[in-house]
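A.B. asks: Quick one: the structure is below, questions incoming.
2 protein chains.
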Amino acid sequence: MSHTLGVRQAQKQKTRQALLDAALGLLEEQSLSSLGLREVTREVGVAPTAFYRHFRSIADLGVVLVEEALGSLHEMIRMVVSATDDPDERIASAIGLIVGHVEAHPAHIRFIARERSGGVRPVREAIRGQLARFAEEVKAQLVKDPQAEAWTDDDLSMLASLYVDQMLFTASLVLEALDAPPEERERVAHVATRQLRLISIGRQHWLD
Amino acid sequence: MSHTLGVRQAQKQKTRQALLDAALGLLEEQSLSSLGLREVTREVGVAPTAFYRHFRSIADLGVVLVEEALGSLHEMIRMVVSATDDPDERIASAIGLIVGHVEAHPAHIRFIARERSGGVRPVREAIRGQLARFAEEVKAQLVKDPQAEAWTDDDLSMLASLYVDQMLFTASLVLEALDAPPEERERVAHVATRQLRLISIGRQHWLD
DNA sequence: TTGGTCAGTGAACAGTTGTAACCACAGTCG
DNA sequence: CGACTGTGGTTACAACTGTTCACTGACCAA
Numbered sequence: 016m017s018h019t020l021g022v023r024q025a026q027k028q029k030t031r032q033a034l035l036d037a038a039l040g041l042l043e044e045q046s047l048s049s050l051g052l053r054e055v056t057r058e059v060g061v062a063p064t065a066f067y068r069h070f071r072s073i074a075d076l077g078v079v080l081v082e083e084a085l086g087s088l089h090e091m092i093r094m095v096v097s098a099t100d101d102p103d104e105r106i107a108s109a110i111g112l113i114v115g116h117v118e119a120h121p122a123h124i125r126f127i128a129r130e131r132s133g134g135v136r137p138v139r140e141a142i143r144g145q146l147a148r149f150a151e152e153v154k155a156q157l158v159k160d161p162q163a164e165a166w167t168d169d170d171l172s173m174l175a176s177l178y179v180d181q182m183l184f185t186a187s188l189v190l191e192a193l194d195a196p197p198e199e200r201e202r203v204a205h206v207a208t209r210q211l212r213l214i215s216i217g218r219q220h221w222l223d
Numbered sequence: 016m017s018h019t020l021g022v023r024q025a026q027k028q029k030t031r032q033a034l035l036d037a038a039l040g041l042l043e044e045q046s047l048s049s050l051g052l053r054e055v056t057r058e059v060g061v062a063p064t065a066f067y068r069h070f071r072s073i074a075d076l077g078v079v080l081v082e083e084a085l086g087s088l089h090e091m092i093r094m095v096v097s098a099t100d101d102p103d104e105r106i107a108s109a110i111g112l113i114v115g116h117v118e119a120h121p122a123h124i125r126f127i128a129r130e131r132s133g134g135v136r137p138v139r140e141a142i143r144g145q146l147a148r149f150a151e152e153v154k155a156q157l158v159k160d161p162q163a164e165a166w167t168d169d170d171l172s173m174l175a176s177l178y179v180d181q182m183l184f185t186a187s188l189v190l191e192a193l194d195a196p197p198e199e200r201e202r203v204a205h206v207a208t209r210q211l212r213l214i215s216i217g218r219q220h221w222l223d
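So this is what it looks like as structure tokens:
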């Protein structure tokens, strides 16, 4: 980050982040298309018109929120796929990473799951774009695996997108069980593990 | 349907259905939590207050919409799972049925996909309940399959929910590609087919 | 034919919304 | 130091929201 930016810019960024955080908080109980601009500024304790200094509209804020929520996931993806050689161990570590991430950023995950097919087009497209990037990254990792040597390029893409979707699906299952009793949470993790294992088995026998 | 109900009741049902249809139409471009009661009645050409003769609230209407959208799917599920013995043929027929259903009721599918993790709790729960019922039905069909003779009860549930989720995921992929060029639609169907096949392969080797 | 039931109306309510205009004043820079 | 920049505040507007109330008039059973 080049050099320290002036007090002016710093204060602006702070307000901007406060708006993003407030919006994310409010979105736990409603969806973006019903979120009001005034609602957000009220939460922050700032005049409604100040909103326009930072975002053109709520949809605009939503797109920024998508990048904030999914940006931090890229590194996790890399860790998940390139763990060890043993499939079961890899699956276990993947589930562990997902659970950890959901526990750390539940609001972000909820936001993505909700707006992925929500009512605000620009946000939907931003999410789809990011997920496509994830699928590419996963595919790039899959190519390195000797197991996938003889695979078609198309089939690798197919498998990558299956993994990405399954990951998001698992994340929202975990999210739903977040404040459930530990036994329920354990059950969810167990089901998710076996679903991933089934996919893994299918992958091993794909070329038969 | 017992006997023909009076003109009175018939007219009421007609208005009620008009409200449901109008809401479903409006929901193609927004989500339920931002849908206004006045918006719906305006679309139908009826006074705002008339809404209360049929539904307590928008959330109430949403729950009815869930039943309308998913009710017709139960029979389809049965057809999909209990087709032929040949896995590839079964997969092909499943994809065909899904594509056909999405083409016939795009708005319903969009509604379910959108509100599945949307901002209105009662609707979310209604959808989750219906999907759980689907999973049970699929599981009941799976039990009959000799291939799954030695499977754990838990594993059968796991597989069933994986199928249900994959089906919904496929449906929303098809939906997104509805007004895309035929080549794109063909590609989507092809990817979905291979994802199902991979799951099917995993299923065959599950007990190894 | 009479009389009750009830789907739909119309007006009015207090709140809310997004957005425009103008203003204040702290931070920045020549 | 003084002028400029621009974040944020204030006030105001028209449009919209969900909900209430008393009402009309067509249907339907007696």
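Read top to bottom, the protein sequences are chains H and U. Counting along the first sequence from 1, when you hit position 68 you're at 83 in the numbering used here, and nothing is skipped either side. Counting along the second sequence from 1, when you hit position 184 you're at 199 in the numbering used here, and nothing is skipped either side. Glycine included, each C-beta is placed from N, C-alpha and C at the ideal position. Please read all numbers here as calculations on a predicted model, not as lab measurements.
(1) Could you tell me which of H:F184, H:E151, H:R31, H:D194 sits nearest to I113 (chain H), measuring between CA atoms?
(2) DSSP state of S108 (chain U), grouped into three classes?
(3) How should M94 (chain H) be labelled, buried or exposed, when 16 other C-beta atoms within 10 angstroms of its C-beta is the threshold for buried?
(4) Got a sec? Which residues, its chain only, sit under 6 Å from F70 (chain H) by beta carbon, not counting five neighbours each side?
(5) In three-state DSSP terms, what is E151 (chain U)?
(6) Whole-angstrom Cβ separation of V235 (chain U) and Q162 (chain U), contact assumed at under 8 Å?
(7) Measuring straight from C-alpha to C-alpha, what distance separates I110 (chain U) and R200 (chain U)?
(8) Mark S132 (chain U) as exposed unless 16 or more other C-beta atoms lie within 10 angstroms of its C-beta, in which case mark it buried.
(9) Please classify Y8 (chain U) as buried or exposed, where buried requires at least 16 other C-beta atoms within 10 Å of its C-beta.
(10) Less than 9 Å between CB atoms is the rule here; does W166 (chain U) satisfy it with respect to chain H?
(11) Hey, out of H:Q45, H:A38, H:D194, whose CA is closest to V79 (chain H)'s CA?
(12) Counting only beta-carbon separations shorter than 9 Å, does H220 (chain U) have a partner in chain H?
(13) Answer yes or no: the CB of P63 (chain H) versus the heavy atoms of the ligand NAD, is any distance below 8 Å?
(14) Comparing C-alpha positions only, which one of H:M91, H:V81, H:K159, H:L177 sits nearest to A128 (chain H)?
(15) I want to see whether chain H comes within less than 9 Å of F149 (chain U), judged by CB atoms only; does it?
(16) Can you give me the C-alpha to C-alpha distance between P63 (chain H) and A192 (chain U), rounded to a whole angstrom?
(17) From V22 (chain U) to S187 (chain U), what does the alpha carbon distance come to, in whole angstroms?
(18) Is there a C-beta anywhere in chain H that falls below 9 Å from the one on L213 (chain U)?
(19) Mind checking the region 131-163 of chain U against chain H and listing, in chain order, the residues whose C-beta falls within less than 9 Å of any C-beta there?
(20) Check whether the Cβ atoms of P121 (chain H) and L42 (chain H) sit closer than 9 Å, and answer yes or no.
(21) Could you work out which residues of chain H lie near G4 (chain U), taking near to mean beta carbons separated by less than 9 Å?
(22) Select from H:I216, H:E83, H:G144, H:E90 the residue whose C-alpha is nearest the C-alpha of L35 (chain H).
(23) Look at the alpha carbon of Y178 (chain H) and the alpha carbon of A150 (chain H), and state the distance between them as a whole number of angstroms.
(24) What would DSSP say about D169 (chain U), mapped onto helix, strand or coil?
(25) So the candidates are U:L174, U:A195, U:S72; which of them puts its Cα closest to the Cα of A207 (chain H)?
(26) Beta carbons nearer than 7 Å to chain U: which residues of the region 99-132 of chain H have them?
C.D. replies: Reading off the structure:
(1) What you label residue 113 (chain H) is simply residue 98 of the first sequence in a count that begins at 1. The shortest C-alpha separation from I113 (chain H) is found at H:F184.
(2) Along the second sequence, read from residue 1 onward, the residue named residue 108 (chain U) stands at position 93. Here S108 (chain U) sits in helix by DSSP.
(3) The residue given as residue 94 (chain H) occupies position 79 in the first sequence. Classification of M94 (chain H): exposed, given that the 10 Å Cβ count is below 16.
(4) Reading the first sequence from its first residue, position 55 is the one you call residue 70 (chain H). Short of 6 Å from the beta carbon of F70 (chain H), and not among the five residues preceding or following it, lie these beta carbons of its own chain, in chain order: L76.
(5) Numbered from its first residue, the second sequence carries residue 151 (chain U) at position 136. Helix at E151 (chain U).
(6) Here chain U covers residues 16 to 223 and nothing more, so residue 235 (chain U) does not appear.
(7) By 1-based counting over the second sequence, the position of residue 110 (chain U) is 95. By 1-based counting over the second sequence, the position of residue 200 (chain U) is 185. Taking the straight line joining both Cα atoms gives about 12 Å.
(8) For this step, residue 132 (chain U) is matched to residue 117 along the second sequence. S132 (chain U) comes out buried.
(9) Chain U is shown from 16 up to 223; residue 8 (chain U) falls before or after that span and cannot be answered.
(10) Counting from one through the second sequence, the residue named residue 166 (chain U) turns up at place 151. No, W166 (chain U) lies away from the interface with chain H (no Cβ there is under 9 Å from its Cβ).
(11) Translated into the one-based positions of the first sequence, residue 79 (chain H) becomes position 64. H:A38 is the residue among H:Q45, H:A38, H:D194 whose C-alpha sits nearest the C-alpha of V79 (chain H).
(12) Residue mapping note: residue 220 (chain U) aligns to position 205 of the second sequence, counting from 1. For H220 (chain U), the answer is yes, since a Cβ of chain H falls inside 9 Å of its Cβ.
(13) Ligands in the displayed structure: none, and consequently the ligand NAD is not present.
(14) Taking the first residue of the first sequence as position 1, residue 128 (chain H) is located at position 113. Checking every option, the nearest Cα to that of A128 (chain H) belongs to H:V81.
(15) For the purposes of this step, residue 149 (chain U) is taken as residue 134 along the second sequence, with counting starting at 1. By this cut-off, F149 (chain U) is not an interface position.
(16) One-based indexing of the first sequence puts residue 63 (chain H) at position 48. One-based indexing of the second sequence puts residue 192 (chain U) at position 177. Approximately 39 Å between the Cα atoms of the pair.
(17) Numbered from 1 along the second sequence, position 7 holds the residue referred to as residue 22 (chain U). Numbered from 1 along the second sequence, position 172 holds the residue referred to as residue 187 (chain U). Those two C-alpha atoms are separated by around 40 Å.
(18) Along the second sequence, one-based indexing puts residue 213 (chain U) at 198. So yes, L213 (chain U) belongs to the interface.
(19) Residues of the region 131-163 of chain U with a C-beta less than 9 Å from any C-beta of chain H: R131, S132, G133, G134, V135, R136, R143, listed in chain order.
(20) Sequence index remark: in the first sequence, residue 121 (chain H) carries index 106 (1-based). Sequence index remark: in the first sequence, residue 42 (chain H) carries index 27 (1-based). The Cβ atoms of P121 (chain H) and L42 (chain H) lie no closer than 9 Å to each other.
(21) Nothing in the structure corresponds to residue 4 (chain U), since chain U is present only between 16 and 223.
(22) Counted from its first residue, the first sequence places residue 35 (chain H) at position 20. Answer by Cα proximity: H:E83.
(23) Reading the first sequence from its first residue, position 163 is the one you call residue 178 (chain H). Reading the first sequence from its first residue, position 135 is the one you call residue 150 (chain H). In a straight line, the C-alpha of Y178 (chain H) is about 8 Å away from that of A150 (chain H).
(24) Residue mapping note: residue 169 (chain U) aligns to position 154 of the second sequence, counting from 1. In the structure shown, D169 (chain U) sits in a helix (DSSP, three-state: H, G or I).
(25) Looking up residue 207 (chain H) in the first sequence gives position 192. Taking only the C-alpha atoms, the option nearest A207 (chain H) is U:L174.
(26) A128, R129, S132: these are the residues of the region 99-132 of chain H whose beta carbon lies less than 7 Å from some beta carbon of chain U, given in chain order.
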